[in-house]
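Chemist: First the structure, then my questions, so here it is.
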Amino acid sequence: MAERKTVEAIGAPEAAGPYSHAVAHGGVLYCSGQVPIDPDSGKLIEDGPGAQADRCLANLEVVCAAAGTSLARALMVSVFVTDLGAGAEVNAAYAGHFASDPPARAMVEVAGLPLGAGVEIAATVALA
Numbered sequence: 267m268a269e270r271k272t273v274e275a276i277g278a279p280e281a282a283g284p285y286s287h288a289v290a291h292g293g294v295l296y297c298s299g300q301v302p303i304d305p306d307s308g309k310l311i312e313d314g315p316g317a318q319a320d321r322c323l324a325n326l327e328v329v330c331a332a333a334g335t336s337l338a339r340a341l342m343v344s345v346f347v348t349d350l351g352a353g354a355e356v357n358a359a360y361a362g363h364f365a366s367d368p369p370a371r372a373m374v375e376v377a378g379l380p381l382g383a384g385v386e387i388a389a390t391v392a393l394a
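Numbers in our numbering are just positions in the sequence shown, counted from 1, shifted up by 266.
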């Protein structure tokens with residue numbers, strides 16, 4: 267049976283609750299959702315949805331790197347937004363991270379996100 271290993275990524279924002287940045291198990295990395303927190307300042311990026319999505323994806327890349335993989339190996343990405351009308355901006359930022367062979371994805375509108383964020387992104391990634 268494959269061992270379950272938690273991942274805490276130096277350089278990613280601290281978890282805002284009792285959870286790990288990610289858990290690796292059976293060749294797969296399950297990344298917790300990232301909200302657009304600047305890891306240097308610890309503050310929420312309050313720019314538009316595109317900038318927020320870009321920061322979420324950059325934070326996820328740090329988490330993936332800590333586990334020895336890359337966001338380019340993502341299998342499934344879940345995008346949570348407080349306004350589906352922001353889809354075009356989020357998609358533009360997303361396309362910048364997945365120029366070819368993008369992973370499967372869901373985008374879901376939610377009533378609210380932690381810290382008042384407009385975007386949160388979680389990912390399931392193949393380990394290298």
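Beta carbons are placed, not taken as given, at the ideal position from N, Cα and C, and that holds for glycine.
Quantities reported herein were computed from a predicted structural model and do not represent experimental measurements.
Please report the distance separating the alpha-carbon of residue 361 from that of residue 296.
Modeler: In this structure, the CA atom of residue 361 is about 21 Å from the CA atom of residue 296.
Chemist: Counting C-beta neighbours from all protein chains within 10 Å, is the total for residue 384 16 or more, i.e. buried, or is it exposed?
Modeler: By the neighbour-count rule (16 or more Cβ atoms within 10 Å), residue 384 is buried.
Chemist: Okay, do the segment 308 to 321 and the segment 367 to 377 touch, 3+ Cβ pairs below 8 Å being the bar?
Modeler: no
Chemist: Exposed or buried, what is residue 298 when buried is set at 16 or more other beta-carbons lying within 10 Å of its beta-carbon?
Modeler: buried
Chemist: Let's see if you can read the secondary structure: which residues bound the beta strand (DSSP E) around residue 296?
Modeler: 294 to 300
Chemist: Which whole runs of the beta strand (DSSP E) in the segment 340 to 375 are 3 residues long or more, in chain order?
Modeler: 340 to 347, 370 to 375
Chemist: Do the CB positions of residue 302 and residue 318 come within less than 8 Å of each other?
Modeler: Closer than 8 Å, so yes.
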